[in-house]
Amino acid sequence: MTADPSTARDLGEVLHPIARRLLAGRTISAGKLGVLGYLSVHGRATATTLAAIQTVSPQAIATAVRELEALGLVVRTPDSEDRRRVWIELTETGRARLTEERAVGLDWLERAIAERLDAQERVHLDNALPALRKLIEGGPVE
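Following this line, the structure appears as structure tokens:
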């Protein structure tokens, strides 16, 4: 069964301005926040894994990791068994910064939900979250 194209279009039209508002005022790019967020959940990763998850080139992820490392937000650690493998891990400073950056947009979103949606609309939004999460699970759709 194929999806109704208007549903995808309407969803995109709604999500794009919400995403812009969530990112407004942040001092770290969405891509770098994605790296920090992934590391906060998974603990550590290789550059190859991060590039695949972020759907960017290895060169782009290498640049992002260098910049995050320069800010003290991540560290690179050689693998103890395979010296060719380098693990990228979130520092405590990185974890704190991720929390701060996420809070910037979440404050707006929490207010918007509380002030603009009635109780039934909030229930509908809560019920839609599992389906929205499924859209982003497992990386890009080929």
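For the sequence shown, position 105 matches number 105 in full-length UniProt numbering, and the numbering has no gaps at all.
We put the beta carbon where it would ideally sit given N, CA and C, even for glycine.
Only a predicted model underlies this, so the values are computations on that prediction, with no experimental measurement involved.
For residue j and residue i, the rounded distance between their alpha carbons
i    : j    : result
W87  : T55  : 18 Å
R95  : H124 : 32 Å
N127 : G34  : 25 Å
E13  : P78  : 43 Å
R84  : L11  : 43 Å
E67  : T27  : 13 Å
S57  : T63  : 10 Å
V65  : L23  : 20 Å
Proximity below 8 Å, CB of residue i to CB of residue j
i    : j   : result
G72  : T99 : no
A45  : L39 : yes
V74  : T91 : yes
G105 : R21 : yes
For residue i, the nearest candidate out of the options (CA to CA)
i           : options              : result
P17         : L109, A96, E89, L117 : L109
I61         : H42, R21, K32        : K32
residue 206 : V41, G105, P130      : The requested residue 206 does not occur in the structure, where the chain is confined to residues 1 to 142.
Burial state of residue i, where buried means 16 or more other Cβ atoms lie within 10 Å
i    : result
E101 : buried
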